[in-house]
Amino acid sequence: MNYSKNHKNNLPLKQRFYMFLNQIKGVIYQIVGYIAAFGRINSQNNKKALIIRVDEIGDYILWRKCIDPLLNADKLKNFEVHFVGNQSWKSLFDLEFKETFQKITWLDKTKFKKSMIYRYTFLRNIAKENYSIVINPTYSRAKRVDDSIVKAAKANTNYGHVRNNENYLPYERNFDNNLYHHLFEVKSKSSFEFNKNKAFAEWFCEKSFNLSDINFDANILPSVKIENLQKKYFIVFPGSRSSARIWSTENFIEVSNYLYEKYQLTALVCGGNGDIVYANNFIINYKNPCIDITGKTSLPDLLSILNNAACLISVDTGSIHLAASVGCLTLGVFNGSQYGRFSPYPIEISSNIISFYPKQVLEDINKNTLSKYELITNISYNDVTSKEAIDYLASHPLAIKAI
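Be aware that the sequence shown starts at 49, since it is given in this note's numbering, and climbs by one per residue.
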């Protein structure tokens with residue numbers, strides 16, 4: 049992308065002002081990073097390594113099976129290995145890997161972006177560790193988050209992906225020049241995220257792995273009792289952390305009405321605290337039995353709830369990947385953004401994720417003209433109708449778990 053002055057001048061004044069403020073913020077971030085790492089010179093012989101993964105819940109779900117292979121790599125033999133993760137999915141990590149690393153540091157991404165004191169302290173502590181190897185297996189690296197951590201570590205050897213441009217603004221694209229000493233380039237930008245992660249791990253470890261599923265062991269899931277829930281249920285996840293990633297309440301209600309009328313299933317409304325407004329809108333307008341547990345469950349609890357649900361209805365959120373990890377039938381509404389990377393699911397990884405796309409996207413799939421969907425598109429999720437989901441359920445009566 050050529051980020052020219054002409055392009056900037058064609059933007060509305062208010063948008064140009066916000067862009068200017070964002071550039072200033074980026075400069076402040078860099079200054080804080082330089083100060084945090086100032087004076088640190090790492091020893092090449094220090095056998096200490098850092099693995100960084102700080103993106104979102106769905107990204108973690110599709111990567112976590114690569115943790116053990118990375119830790120067992122010959123390159124890390126006799127190394128003390130530390131981990132930096134996103135605290136938003138700490139409870140999921142603790143289910144499987146709590147005792148795996150010698151040291152774990154959890155990043156509060158909101159504070160990291162808003163508090164310069166927090167940012168400085170975090171990066172300074174990273175710099176003090178004197179890592180000789182840093183591994184960042186994230187494909188959509190972010191200049192202001194994970195790449196800033198890599199730079200602060202000042203390791204002698206950094207491993208990472210040849211990134212895409214999702215999390216780099218046009219004027220930031222020189223930040224990672226010479227930051228990584230070894231870069232892995234995926235064969236296909238649209239390959240499924242799990243397969244990208246596996247390929248990176250095989251490249252780093254220099255061997256192949258038999259990784260083919262993302263399932264949690266049901267034996268480690270917590271026991272969850274939902275008050276007043278006496279019948280079988282399905283899950284409605286009506287919210288999203290992005291206001292642009294919303295399917296209308298009316299669509300959720302129409303599919304939910306079908307599930308109640310056909311199977312007498314109770315609607316269990318789920319989500320985080322940021323989804324409460326969407327949950328309330330659904331609950332006010334839905335006239336059949338429902339129970340609201342929005343903002344009242346941990347992520348491990350949600351896994352257990354999904355594990356016992358008849359199905360999940362959701363837009364493109366982390367809930368879909370959580371559902372895939374416990375084999376829950378999912379009616380997922382997508383708009384084509386990053387097609388192939390997070391949906392549709394390869395059948396060998398999960399056959400329970402049913403993806404619905406707008407007509408325009410389906411036409412482009414048939415024409416094999418998908419390059420426009422590498423990053424985020426602005427096609428409305430509401431271009432998918434509730435009828436499409438209902439027709440699927442009507443034509444696949446055995447898809448719903450036995451009641």
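The beta carbon of each residue, even a glycine, is placed where N, CA and C say it ideally should be.
**Per-residue DSSP class, three states only, for phenylalanine 141** = Under the three-state reduction of DSSP output, phenylalanine 141 falls in the helix class.
**Prompt:** If we ignore side chains and look at the alpha-carbon of each, how far apart do glutamate 220 and glutamate 128 end up?
**Reply:** Going from the Cα of glutamate 220 to the Cα of glutamate 128 covers about 33 Å.
**Request:** Could you confirm whether any beta carbon from chain C is found closer than 7 Å to the beta carbon of proline 60?
**Result:** Although the question refers to chain C, the structure presented lacks it and comprises just one protein chain.
**Asked** Short check: CB of proline 270 to CB of tyrosine 326, under 7 Å?
**Response** The Cβ-Cβ distance between proline 270 and tyrosine 326 does not fall below 7 Å.
**Prompt:** arginine 211: buried (16+ other C-beta within 10 angstroms of its C-beta) or exposed?
**Reply:** Burial call: buried.
**Prompt:** Is it the case that the Cβ atoms of valine 272 and serine 362 are separated by a distance below 7 Å?
**Reply:** At a Cβ-Cβ threshold of 7 Å, valine 272 and serine 362 do not count as neighbours.
**Item:** Assumed close pair tyrosine 207, lysine 244 - CB separation to whole angstroms, cut-off 8 Å
**Value:** Actually they are not in contact, since the Cβ atoms of tyrosine 207 and lysine 244 sit about 14 Å apart, beyond 8 Å.
**Message:** I'd like to know whether the C-beta atoms of phenylalanine 330 and threonine 297 end up nearer to each other than 7 Å.
**Reply:** Cβ distance < 7 Å, so phenylalanine 330 and threonine 297 count as in contact.
**Asked** Going by other Cβ atoms of all chains shown within 10 Å of its Cβ, with 16 needed for buried, is tyrosine 387 buried or exposed?
**Response** By the neighbour-count definition (other C-beta atoms within 10 Å, threshold 16), tyrosine 387 is a buried residue.
**Prompt:** Which full runs of the beta strand (DSSP E) of 3+ residues lie inside the segment 129 to 211, going along the chain?
**Reply:** Taking only runs of at least 3 residues, the beta strand (DSSP E) segments lying wholly in the segment 129 to 211 are 151 to 155, 181 to 184 and 205 to 209.
**Item:** Environment of phenylalanine 149 [buried if 16+ CB atoms lie within 10 Å]
**Value:** It is buried - the Cβ of phenylalanine 149 has at least 16 other Cβ atoms within 10 Å.
**Request:** Using beta-carbon positions only, say whether cysteine 338 and leucine 360 come within less than 7 Å of one another.
**Result:** In this structure, the beta-carbon distance from cysteine 338 to leucine 360 does not fall below 7 Å.
**Prompt:** What is the DSSP secondary structure of glycine 380, counted as helix, strand or coil?
**Reply:** Glycine 380 falls in the strand class under three-state DSSP.
**Span of the beta strand (DSSP E) around arginine 101** = Element bounds for arginine 101: 96 to 101.
**Prompt:** Across which residues does DSSP place valine 432 in a beta bridge pair?
**Reply:** Bridge partners of valine 432: none, in fact.
**Rounded straight-line distance, which links the Cα of arginine 101 to that of leucine 478** = The shown model of the chain, from 49 to 451, leaves out residue 478, and the question about it has no answer.
**Prompt:** Is DSSP giving aspartate 340 helix, strand or coil here?
**Reply:** Of the three classes helix, strand and coil, the one that applies to aspartate 340 here is strand, per DSSP.
**Item:** Where leucine 59 sits in the DSSP three-state scheme
**Value:** Here leucine 59 carries a coil assignment [DSSP, helix/strand/coil].
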